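Going down the list, the protein sequences come from chains A and B.
For the first sequence, position 219 matches number 219 in the working numbering, and the numbering has no gaps at all.
For the second sequence, position 113 matches number 113 in the working numbering, and the numbering has no gaps at all.
Even glycine gets a Cβ: it sits at the ideal position worked out from N, Cα and C.
Predicted model, so just to flag it, every value in this text is computed and none were measured.
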Amino acid sequence: MTNQSLPAIKFDKVSRHFGEVRAVDEADLEIRDGEFFSMLGPSGSGKTTCLRMIAGFDRPTSGHIFLYGQDVSNLPPYERDVNTVFQDYALFPHMTVAENIAYGLMVKNIAKPERVKRVDEMLELVQLSGFGGRKPSQLSGGQRQRVALARALVNHPKVLLLDEPLGALDLKLRQQMQVELKAIQKRVGITFIFVTHDQEEALTMSDRIALFNKGKIEQIGAPSEIYEHPASIFVANFVGTSNLVSGEVAKRITGADITFSVRPEKIHLGSVAENPPSDSYTTDGIVRDVVYLGLYTRYQVELDGGGDLVVVEQNLKTTSMDVLKIKDQRVRLYWNKEHISKMGA
Amino acid sequence: MPSKAYSGQNASWGLKIAAFAGLLFLHMPILIIFLYTLTPDETTYTFPLPGITFKWFGITLQRVDFWRAVTLSLQVAAIATVAALILGTLAAAAVYRSKFFGREAVSFLLVLPIALPGIVTGIALRTAIGSFDIDFSFWTIIIGHATFCVVVVYNNVLARFRRMQGSLIEASMDLGANSFQTFRYVVFPNIATALLAGGMLAFALSFDEVIVTTFTAGQQTTLPIWIFSQLSRPRDRPVTNVAAMFVMLITFLPIFFAQRISASSSDTDGETK
Chain A
1 MTNQSLPAIK FDKVSRHFGE VRAVDEADLE IRDGEFFSML GPSGSGKTTC LRMIAGFDRP
61 TSGHIFLYGQ DVSNLPPYER DVNTVFQDYA LFPHMTVAEN IAYGLMVKNI AKPERVKRVD
121 EMLELVQLSG FGGRKPSQLS GGQRQRVALA RALVNHPKVL LLDEPLGALD LKLRQQMQVE
181 LKAIQKRVGI TFIFVTHDQE EALTMSDRIA LFNKGKIEQI GAPSEIYEHP ASIFVANFVG
241 TSNLVSGEVA KRITGADITF SVRPEKIHLG SVAENPPSDS YTTDGIVRDV VYLGLYTRYQ
301 VELDGGGDLV VVEQNLKTTS MDVLKIKDQR VRLYWNKEHI SKMGA
Chain B
1 MPSKAYSGQN ASWGLKIAAF AGLLFLHMPI LIIFLYTLTP DETTYTFPLP GITFKWFGIT
61 LQRVDFWRAV TLSLQVAAIA TVAALILGTL AAAAVYRSKF FGREAVSFLL VLPIALPGIV
121 TGIALRTAIG SFDIDFSFWT IIIGHATFCV VVVYNNVLAR FRRMQGSLIE ASMDLGANSF
181 QTFRYVVFPN IATALLAGGM LAFALSFDEV IVTTFTAGQQ TTLPIWIFSQ LSRPRDRPVT
241 NVAAMFVMLI TFLPIFFAQR ISASSSDTDG ETK
């Protein structure tokens, strides 16, 4: 994006142990300047610990963290050019919205006129002009969220950390804030690091995603890469739904002794009379279950010779009457060979 | 600022009378003392009063020993309160912020002096101070008072800390404030009313303390002890009554304001959910 070639954040074999627990275990990571980077994973996977180490609330047990080339591993939070949007917002209850936003500027002794100007800019950026005089207790959840964002961004940090900031909002507001966050990030051009356990949120917003599991990073990549080519069974299961095929069944379908995953929507479900294209894997079976979901239908197919596959097809021309007729019918399943992801053995 | 947000139903007459009788029972003796500050008859409590006079106020205010006792009590209460504010806040911060071995025990031991009978605390302090060969003085009185004043501040401040969002301190550091700035701009404003309420209560407790003081004082006479010693002089009875009224006023006002502060701050503070 800019001419800075250094990574915004670099993890060099970073570990954080709490007694016996390896919250983060030898993580290597590079986050590029100006990107929207998500750390995704179930709770307890180490993503929040990583964020806290970048912020300075926690120190690595071993390894180093670099912020644009500078080793910040042991700097206190107030000596790092990094700001955080907290999960519970952490707005100062005794201060007004404007005072909250001006806080970072005040403790750095920035002159009052400059402070007022920058606070006004921020209020406008988060669409809260005119709310400066209110107390946080007089705001709605979504508004508090925006204040927290403004309070962090006003300091022009090199990196902005967001710790599940949308967790407390209802679904509608959440989706709206996702779009808005992304737009704000584009506008200010600051590197955002976003921690979430919501895979859909990560897929929607991120330039790249790191998938955490048990203190280790399972995969780093663009959302499409992670979705289309999950590198491990964990990734295939955590992001979207997948058919995991291994052992005898996999051998019968592909002719090789591998474990692979295939997304349900990639599989074509046709009649046994159909001739699949030559670059496909194919297998026959009987439809055991049909769930009509309006936009699409989910079929569970029992394969000849064992194994199950879930298939999802959009209801482009079919109605619920049509799809339900397929139950207990013999069908032929096939999908492009490129759509499988091989897993490590 | 929800005033009378909840009015409730009117209480029944029976309940009203019972409540009034209860209050009367509690406060009648105090009113009697007030009444007899005005009697011209100096040795006996006769009712109705033989007349009304304000001369005892003048006589009391001219007594040098009375003023010495008042000054001593005010000094002791002030210094004990300051010590309690500092130690109580530090203890509360330690117990709230960090987990260490024996944290619960420390918390319990801090609260214990207020539950312990004053006479036990008093004897224990006297023995301890005596065995260190320290002379009983102004400062030993303060040490005695601090044992229970610290608790009051500690409890108030700890309760406030627990109500405060833990991430506020991290947020402040994150935004560039060092520890000192964080205390000044974030922690202190959030616990200020708890400190004021705890401090006033500590002051009032110290000001009218008798039992522990009798064990830890040397030749000094605090106001309550002065009053106590006056009781053996029947001729000074109205003077004693005036002094008692004085003590009541000085302790009543801080407690009254402490309550007001606690009540109003629970309406306005820490409501970011």
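Indicate whether residue i and residue j have their beta-carbon atoms separated by less than 8 angstroms.
i: B/Val197; j: B/Ala80; result: Checking the sequence, you will find Ala at residue 197 of chain B rather than Val. The answer is no: Cβ separation not under 8 angstroms.
i: A/Val85; j: A/Val119; result: no
i: B/Leu175; j: A/Asn83; result: yes
i: B/Val153; j: B/Thr89; result: yes
i: B/Phe228; j: B/Ile191; result: no
i: A/Leu161; j: A/Leu6; result: no
i: A/Lys158; j: A/Asp81; result: yes
i: A/Arg208; j: A/Ile220; result: yes
i: A/Gly142; j: A/Leu181; result: no
Quick check on residue i: does DSSP put it in helix, strand or coil?
i: B/Asn156; result: helix
i: A/Asp322; result: helix
i: A/Phe212; result: strand
i: A/Glu164; result: coil
i: B/His27; result: helix
i: A/Ile217; result: strand
i: A/Thr297; result: strand
i: A/Ile110; result: coil
i: A/Gln127; result: coil
i: B/Gly270; result: A caution first: B/Gly270 carries a pLDDT of 40, below 50, which makes its placement in the model unreliable, though a value can still be read off. Coil at B/Gly270, not helix or strand.
i: A/Asp71; result: strand
i: B/Met1; result: Because the pLDDT at B/Met1 is just 42, under 50, the model does not fix this residue reliably, and the point stays unresolved.
i: A/Asp198; result: coil
i: B/Leu109; result: helix
i: B/Gly14; result: helix
i: A/Asn243; result: strand
i: A/Met39; result: strand
i: A/Thr259; result: strand
i: A/His156; result: coil
i: A/Tyr292; result: strand
i: B/Asp174; result: helix
Please report the distance separating the alpha-carbon of residue i from that of residue j.
i: A/Asp198; j: A/Ser15; result: 24 angstroms
i: A/Ile184; j: A/Leu125; result: 8 angstroms
i: A/Met122; j: B/Ala91; result: 39 angstroms
i: A/Arg32; j: B/Asn178; result: 29 angstroms
i: A/Ala152; j: A/Phe234; result: 34 angstroms
i: A/Ile326; j: A/Gly294; result: 16 angstroms
i: B/Val210; j: B/Leu38; result: 26 angstroms
i: A/Val179; j: A/Asp58; result: 30 angstroms
i: A/Tyr103; j: A/Val188; result: 20 angstroms
i: A/Glu225; j: A/Val239; result: 11 angstroms
i: B/Thr221; j: B/Thr60; result: 16 angstroms
i: B/Arg235; j: B/Lys16; result: 41 angstroms
i: A/Ala313; j: A/Leu40; result: Here the sequence assigns Glu to residue 313 of chain A, which means Ala is not the residue at that position. So the alpha carbons of these two residues sit roughly 28 angstroms apart.
i: A/Pro77; j: B/Asn155; result: 30 angstroms
i: B/Lys99; j: B/Thr147; result: 24 angstroms
i: A/Val147; j: B/Ser137; result: 56 angstroms
i: A/Gly130; j: A/Lys112; result: 18 angstroms
8 angstroms is my cut-off, CB to CB: does residue i come that close to chain A?
i: B/Asp236; result: no
i: B/Glu170; result: yes
i: B/Leu110; result: no
i: B/Tyr10; result: Going by the sequence as given, residue 10 of chain B is Asn instead of Tyr. False, the Cβ-Cβ gap to chain A never drops below 8 angstroms.
i: B/Ser167; result: yes
i: B/Leu196; result: no
i: B/Val187; result: no
i: B/Met28; result: no
i: B/Ala177; result: yes
i: B/Asp41; result: no
i: B/Asn190; result: yes
Tell me, please, whether the CB atom of residue i is closer than 8 angstroms to any CB atom in chain B?
i: A/Phe86; result: yes
i: A/Asn155; result: yes
i: A/Pro223; result: no
i: A/Ala55; result: yes
i: A/His17; result: no
With respect to the alpha helix (DSSP H) encompassing residue i, which residues constitute its N-terminal and C-terminal limits?
i: B/Ser206; result: 188-207
i: A/Ala8; result: Here A/Ala8 belongs to no alpha helix (DSSP H), and DSSP marks it neither H nor E.
i: A/Met177; result: 171-188
i: A/Gln314; result: Here A/Gln314 belongs to no alpha helix (DSSP H); instead the beta strand (DSSP E) covers 308-314.
What are the boundary residues of the beta strand (DSSP E) that includes residue i?
i: A/Gln138; result: From DSSP, A/Gln138 is part of no beta strand (DSSP E); its letter is neither H nor E.
i: A/Ser351; result: Outside the shown range of chain A (1 to 345) lies residue 351 of chain A, about which nothing can therefore be said.
i: A/Phe86; result: Run containing A/Phe86: none; DSSP gives neither H nor E here.
Examine chain D for any beta-carbon lying closer than 8 angstroms to the beta-carbon of residue i, and answer yes or no.
i: B/Ala93; result: Here chain D cannot be found, since the structure's protein chains are A and B.
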